[in-house]
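Following the UniProt record's numbering, the numbering of the sequence shown begins with 1 at its first residue and continues without gaps.
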Amino acid sequence: MGEAPVIYVENLKDRFSDGFNLRFKGFETSIDVGDKTFVIGSNNNDSISSIEVQIYDKSKGKWVIPTVLGTEPKRYEGHSAILLNEDRIMVITWGSTPDDCIWFLEVDTEYVKQQKKASGTEVVAWSKGVRGDAEKPVVISGPSGVGKGTLINMLMKEFPTMFGFSVSHTTRAPRSMEKNGVHYHFTERSIMEKDIKDGKFLEFASVHGNLYGTSTEAVEAVADSGKRCILDIDVQGAKSVRASSLDAVFIFISPPSVAKLEERLHLRGTETQEQIQKRLRNAKAEIEQGKSSGIFDHILCNDHLEKCYDDLKKLLGLDGTTSTNPKPSSKGINLPSKHAASKINNKILIKSETPGSGNPSKNSIVLDVSLLKGGAPSRTRGLNVYAVDPNPFSDSLNGIHKLS
Ligand SMILES: Nc1nc2c(ncn2[C@@H]2O[C@H](COP(=O)(O)OP(=O)(O)O)[C@@H](O)[C@H]2O)c(=O)[nH]1
Ligand SMILES: Nc1ncnc2c1ncn2[C@@H]1O[C@H](COP(=O)(O)OP(=O)(O)O)[C@@H](O)[C@H]1O
Numbered sequence: 001m002g003e004a005p006v007i008y009v010e011n012l013k014d015r016f017s018d019g020f021n022l023r024f025k026g027f028e029t030s031i032d033v034g035d036k037t038f039v040i041g042s043n044n045n046d047s048i049s050s051i052e053v054q055i056y057d058k059s060k061g062k063w064v065i066p067t068v069l070g071t072e073p074k075r076y077e078g079h080s081a082i083l084l085n086e087d088r089i090m091v092i093t094w095g096s097t098p099d100d101c102i103w104f105l106e107v108d109t110e111y112v113k114q115q116k117k118a119s120g121t122e123v124v125a126w127s128k129g130v131r132g133d134a135e136k137p138v139v140i141s142g143p144s145g146v147g148k149g150t151l152i153n154m155l156m157k158e159f160p161t162m163f164g165f166s167v168s169h170t171t172r173a174p175r176s177m178e179k180n181g182v183h184y185h186f187t188e189r190s191i192m193e194k195d196i197k198d199g200k201f202l203e204f205a206s207v208h209g210n211l212y213g214t215s216t217e218a219v220e221a222v223a224d225s226g227k228r229c230i231l232d233i234d235v236q237g238a239k240s241v242r243a244s245s246l247d248a249v250f251i252f253i254s255p256p257s258v259a260k261l262e263e264r265l266h267l268r269g270t271e272t273q274e275q276i277q278k279r280l281r282n283a284k285a286e287i288e289q290g291k292s293s294g295i296f297d298h299i300l301c302n303d304h305l306e307k308c309y310d311d312l313k314k315l316l317g318l319d320g321t322t323s324t325n326p327k328p329s330s331k332g333i334n335l336p337s338k339h340a341a342s343k344i345n346n347k348i349l350i351k352s353e354t355p356g357s358g359n360p361s362k363n364s365i366v367l368d369v370s371l372l373k374g375g376a377p378s379r380t381r382g383l384n385v386y387a388v389d390p391n392p393f394s395d396s397l398n399g400i401h402k403l404s
């Protein structure tokens, strides 16, 4: 049945009297997960407040400062923290905007386990919580010159409100018609490498001698706007996305022949002869992998452009029967600015700590976390939100109704 509230706001220095100096000047919560205690603190006395994580390893009697991946919550006035499924801590921030108040600190999810193994250090990862679901992103891969960009442009032109493009980062130089922030975020290798290390990328790969990568923000910004995200990435990138928490549709575009590919690259005229040869060498391996690796759900041959475009639309369900209106973007959650949170099974009850704030739906809110999807390094989706009936007896969570 129900569980005791698991919010802690306590004097941590009394609790851990081993002389460790907690670095927080503001507000702390602590949560026990197995033999570790995760202390989340906000330095909200500073002009720029920040959130930090420290871990107390009870078995070793030692404090550890972990590597923190992902984008963390922005400035806020305090927070409540609740453990979910022994692998992530839900952090509800006070005084944040409605689209920025639910966060998850992953402490032992699959993603975090992988990162710990790869780095050999203690790792935690942030993921922002979002109401409802987003449509599956579409990953499009294929060798250079096969027509990926052409097909994506046709799709975006015909269905401008339905699709949004994930703008990748790259270290390659812009072509004459390319605009920074539209076709790519053109960046320097050292900056991109640091962002990769900080967990800001969903995937990255070295392609034709340059670094390319999809930032979590690039994909999630499209999904948050209610559009379906399209990614144009190479086969290595597709493989990484397949292994990540992002649930997507994977499409490989193959050329009718390598000779046709070469002809298209020459006609496009954006690469030198040497660069074209490099792309053709890579193309052979990509075609082999694309067709045999099991990464892709669909393989389309781009021989006749119009035919290939029709096939693409068909497999995306754009055969005239589907609505082409975008889904409304996920709405935020209006929380009371100061609140206490407690957990009962898969429901989090959030109660205002500001007496007489008037609006009952703002006073008590229930977050249903039974259908969570995704997570670090992307958003955590599938949160459902309910208002609690103002009747005081409804604290049992019987009198709840869904907020639209
Ligand atoms: N892994 C990965 N590959 C990318 C990304 N962005 C672009 N690519 C791939 O990098 C390759 C080269 O892209 P580009 O330089 O634009 O040349 P083009 O494919 O010949 O137009 C293509 O296979 C793209 O699909 C990314 O963010 N991640
Ligand atoms: N089916 C097709 N037949 C002939 N040319 C094509 C076809 N599809 C695309 N092209 C041309 O081939 C070139 C490469 O296409 P592009 O979309 O830039 O490829 P990618 O993005 O895969 O590198 C472009 O000049 C484009 O106009």
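No residue lacks a Cβ here, since even glycine has one placed at the ideal position from N, Cα and C.
Quantities reported herein were computed from a predicted structural model and do not represent experimental measurements.
Can you name the residues that DSSP bridges to residue i?
| i | result |
| --- | --- |
| His-298 | Ile-251 |
| Val-138 | Ile-230 and Val-249 |
| Ile-333 | Paired residue(s): none; Ile-333 is not in a bridge. |
| Asp-57 | Lys-36 and Lys-62 |
| Asp-368 | Lys-347 and Asn-384 |
| Ser-292 | According to DSSP, Ser-292 bridges with nothing at all. |
For a test of your reading of the model: does the CB of residue i fall under 8 angstroms from any non-hydrogen atom of ligand 2? Yes or no.
| i | result |
| --- | --- |
| Val-235 | no |
| Gly-149 | yes |
| His-183 | no |
| residue 407 | No statement about residue 407 is possible, as the shown extent of the chain runs from 1 to 404 and does not include it. |
| Leu-305 | yes |
| Leu-267 | yes |
| Arg-88 | no |
| Cys-308 | yes |
| Arg-175 | no |
| Arg-281 | no |
| Arg-264 | yes |
Shortest alpha-carbon distance to residue i belongs to which of the options?
| i | options | result |
| --- | --- | --- |
| Val-241 | Gln-273, Ser-342 and Gly-213 | Gly-213 |
| Val-130 | Met-90, Ser-257 and Pro-143 | Met-90 |
| Phe-104 | Thr-93, Thr-97, Lys-113 and Gln-114 | Thr-93 |
| Ala-81 | Asn-334, Ile-253, Phe-27 and Gln-275 | Phe-27 |
| Ile-350 | Pro-174, Ser-370 and Val-385 | Val-385 |
| Ser-342 | Leu-83, Thr-187 and Lys-197 | Leu-83 |
| Leu-69 | Lys-200, Ala-223 and Ile-140 | Lys-200 |
| Pro-377 | Val-219, Lys-60 and Lys-291 | Val-219 |
| Pro-353 | Gly-78, Phe-252 and Glu-271 | Correcting the residue identity first, residue 353 is Glu in this sequence and not Pro. Of the candidates Gly-78, Phe-252 and Glu-271, the one whose C-alpha sits nearest the C-alpha of Glu-353 is Gly-78. |
| Glu-86 | Asp-99, Ser-245, Lys-62 and Phe-38 | Phe-38 |
| Thr-121 | Lys-113, Lys-128 and Asp-195 | Lys-113 |
| Tyr-76 | Met-156, Lys-338 and Ser-244 | Lys-338 |
| Leu-246 | Glu-52, Val-107 and Asp-133 | Asp-133 |
| Ser-370 | Val-388, Glu-306, Ile-348 and Asp-232 | Ile-348 |
| Met-156 | Glu-110, Trp-63, Gln-273 and Leu-316 | Leu-316 |
| Gly-95 | Lys-74, Gln-115, Asp-108 and Arg-88 | Lys-74 |
| Lys-291 | Pro-255, Glu-271, Gly-269 and Glu-52 | Pro-255 |
Using DSSP with H/G/I as helix, E/B as strand and the rest coil, what is residue i?
| i | result |
| --- | --- |
| Lys-62 | strand |
| Asn-11 | Confidence at Asn-11 is low in this model, with a pLDDT of 46, below 50, so its placement is unreliable and the value that follows should be read with caution. Correct three-state label for Asn-11: coil. |
| residue 433 | Since the first residue of the chain shown is 1 and the last is 404, residue 433 is not available in this structure. |
| Phe-393 | Interpretation of Phe-393 is limited by its pLDDT of 49, a score under 50 that renders its predicted location unreliable; the figure taken from the coordinates is listed afterwards. Of the three classes helix, strand and coil, the one that applies to Phe-393 here is helix, per DSSP. |
| His-169 | strand |
| His-304 | coil |
| Gly-149 | helix |
| Met-156 | helix |
| Ser-361 | Per-residue confidence for Ser-361 stands at a pLDDT of 43, beneath the threshold of 50, marking its modelled position as unreliable; the derived number appears in the next sentence. DSSP places Ser-361 in helix when its eight states are reduced to three. |
| Leu-267 | helix |
| Gly-120 | coil |
Does the beta carbon of residue i fall short of 8 angstroms from some heavy atom of ligand 1?
| i | result |
| --- | --- |
| Lys-284 | no |
| Leu-231 | yes |
| Ala-376 | no |
| Asn-210 | yes |
| Cys-143 | The question names Cys, but residue 143 in the sequence shown is Pro. At least one heavy atom of ligand 1 is nearer than 8 angstroms to the Cβ of Pro-143, so yes. |
| Tyr-111 | no |
| His-169 | yes |
| Phe-252 | no |
| Phe-186 | no |
| Ser-127 | no |
| Val-207 | yes |
| Ser-240 | yes |
| Glu-203 | yes |
| Arg-189 | no |
| Glu-271 | yes |
| Thr-216 | no |
| Gly-290 | no |
| Gly-317 | no |
| Gly-164 | no |
State yes or no: is the beta carbon of residue i nearer than 9 angstroms to at least one beta carbon in chain B?
| i | result |
| --- | --- |
| Glu-203 | Among the chains of the structure shown, chain B does not appear; only one protein chain is present. |
Between residue i and residue j, how many whole angstroms is the CB-CB distance? I'm expecting something under 8 angstroms.
| i | j | result |
| --- | --- | --- |
| Asn-346 | Asp-368 | 6 angstroms |
| Ile-152 | Ile-251 | At roughly 11 angstroms, the Cβ-Cβ gap does not stay under 8 angstroms, so Ile-152 and Ile-251 are not in contact. |
| Arg-281 | Lys-128 | No, Arg-281 and Lys-128 are not in contact; Cβ-Cβ is about 41 angstroms, not under 8 angstroms. |
| Ser-59 | Asp-32 | Not confirmed; about 12 angstroms, so no contact. |
| Leu-265 | Ile-276 | 5 angstroms |
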